[in-house]
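Enquirer:
In our numbering, the protein residues as written are 7 to 206.
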C-alpha cells in the first residue's frame with residue numbers, strides 16, 4: 007500500500023501561514039534545505055496531491071523555473087526541485103478549477119476520499135502533499151494520511167493560520183528528527199497511527 011505523506015513548513019509557534027493566509031511570511035524559512043528536502047521526497051513519489059489554492063500558487067512559479075532552468079536567477083536547490091517535480095503527475099482537488107494542463111488531473115471534492123483511498127491501494131511510490139492545509143487536515147480526519155513531515159523554522163509569527171485545524175484525530179509517533187548544518191530549520195517526521203496501532 008502506498009503512503010500518503012504531508013510535508014509543510016511551520017513557524018516555531020505552529021502557524022502554517024500568517025494572518026489572512028499570507029504566505030510570504032513563511033519565505034524566510036523556505037528555500038535552501040526546504041527545497042532540498044522537498045526534492046528528496048519527490049524522488050520517492052510518483053504523484054503529488056494539492057488543493058486549488060496551493061496548485062495555483064505553485065503553478066505561478068515552478069513552470070518558469072523549469073522553462074529556464076539554467077538561468078542564474080535560480081538557486082541550485084530550486085533547479086534540483088524543478089527537475090525532481092517536472093515529471094511527477096499532479097492531482098488537484100477542486101470544484102472550481104477548469105482547463106486542461108499537462109500532467110494534471112482534477113478531482114471533485116465529493117469524489118476525493120474515494121479516489122485517494124483507491125489510489126493508495128494501487129502499487130507505486132509515495133503520494134506527496136505540500137501546502138494544501140485544508141485538504142490534508144480533511145484527509146487526516148478521514149484516516150488517509152500516513153506521515154506528516156513538519157519543517158519547523160526559527161520564525162515566531164504570533165498570529166496566523168494554525169497548521170492543524172483541530173486536535174489531530176489520530177496518534178502521531180515521532181519517527182525522525184533531522185537538522186542541517188547550514189539551516190536553523192528542524193524537521194520532525196511523524197507516523198500517523200491508526201486506532202489499532204496506538205499504544206504498541
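Virtual Cβ for every residue (Gly too), placed ideally from N, Cα, C.
With a floor of 4 residues, list each alpha helix (DSSP H) that falls wholly inside the stretch 59-101, ordered by position along the chain.
Expert: Listed in chain order, the complete alpha helix (DSSP H) runs (minimum 4 residues) inside the stretch 59-101 are 68-73, 82-92.
Enquirer: Would DSSP call residue 113 helix, strand or coil?
Expert: Strand, per DSSP.
Enquirer: Taking residue 105 as the reference, which of 62, 167, 39 has the closest Cα?
Expert: It is 62 whose Cα lies nearest to the Cα of residue 105.
Enquirer: Can you have a look at residue 188 and say buried or exposed, based on whether 16 or more other CB atoms are within 10 angstroms of its CB?
Expert: Exposed: under 16 other Cβ atoms inside 10 Å.
Enquirer: Report yes if the C-beta distance between residue 51 and residue 131 is below 8 Å; otherwise report no.
Expert: Yes, the Cβ-Cβ distance between residue 51 and residue 131 is below 8 Å.
Enquirer: Just to confirm before moving on: does the CB-CB distance between residue 166 and residue 57 stay below 8 Å?
Expert: No, the Cβ-Cβ distance between residue 166 and residue 57 is not below 8 Å.
Enquirer: In the DSSP output, which residue or residues are listed as bridge partners for residue 44?
Expert: DSSP output for residue 44 lists no bridge partner at all.
Enquirer: Just list the residues that DSSP pairs residue 132 with in beta bridges.
Expert: Its beta-bridge partners are 51.
Enquirer: Helix, strand or coil for residue 181? Go by DSSP, reduced to three states.
Expert: Three-state DSSP puts residue 181 in a strand.
Enquirer: Name, in chain order, the residues that DSSP records as bridge partners for residue 195.
Expert: Answer is 155, 182.
Enquirer: If you check the beta carbons only, do residue 154 and residue 12 fall under 8 Å apart?
Expert: In this structure, residue 12 lies closer than 8 Å to residue 154 by Cβ.
Enquirer: So residue 211 is in the beta strand (DSSP E); what residue range does that whole segment cover?
Expert: Absent from the structure is residue 211, since the part of the chain shown begins at 7 and ends at 206.
Enquirer: Where do the N-terminal and C-terminal ends of the beta strand (DSSP E) with residue 10 fall, by residue?
Expert: Run containing residue 10: 10-16, per the beta strand (DSSP E) assignment.
Enquirer: Residue 167 bridges to which residues according to DSSP?
Expert: DSSP lists 23 as partners of residue 167.
Enquirer: Check the DSSP bridge columns for residue 56 and list the partner residues they point to.
Expert: Note: residue 56 sits in a beta bridge opposite 98.
Enquirer: Using 8 Å for Cβ pairs, my map puts residue 169 next to residue 16. What's the rounded Cβ distance?
Expert: Between residue 16 and residue 169 the Cβ distance is about 5 Å, and since that is below 8 Å, they are a contact.
Enquirer: Give a yes or no on whether the C-beta atoms belonging to residue 158 and residue 10 are separated by under 8 Å.
Expert: Result no, Cβ atoms of residue 158 and residue 10 do not sit closer than 8 Å.
Enquirer: Compute the beta-carbon to beta-carbon distance between residue 176 and residue 198, rounded to the nearest angstrom, for a pair I have assumed lies under 8 Å.
Expert: Sure, about 5 Å apart at Cβ, within 8 Å.
Enquirer: By the three-class DSSP mapping on this structure, what secondary structure does residue 39 have?
Expert: Correct three-state label for residue 39: helix.
Enquirer: Just to confirm the assignment, what range does the alpha helix (DSSP H) spanning residue 200 have?
Expert: From DSSP, residue 200 is part of no alpha helix (DSSP H); its letter is neither H nor E.
Enquirer: Can you look up residue 28 in the DSSP assignment and give me helix, strand or coil?
Expert: The answer is coil: DSSP assigns residue 28 none of H, G, I, E or B.
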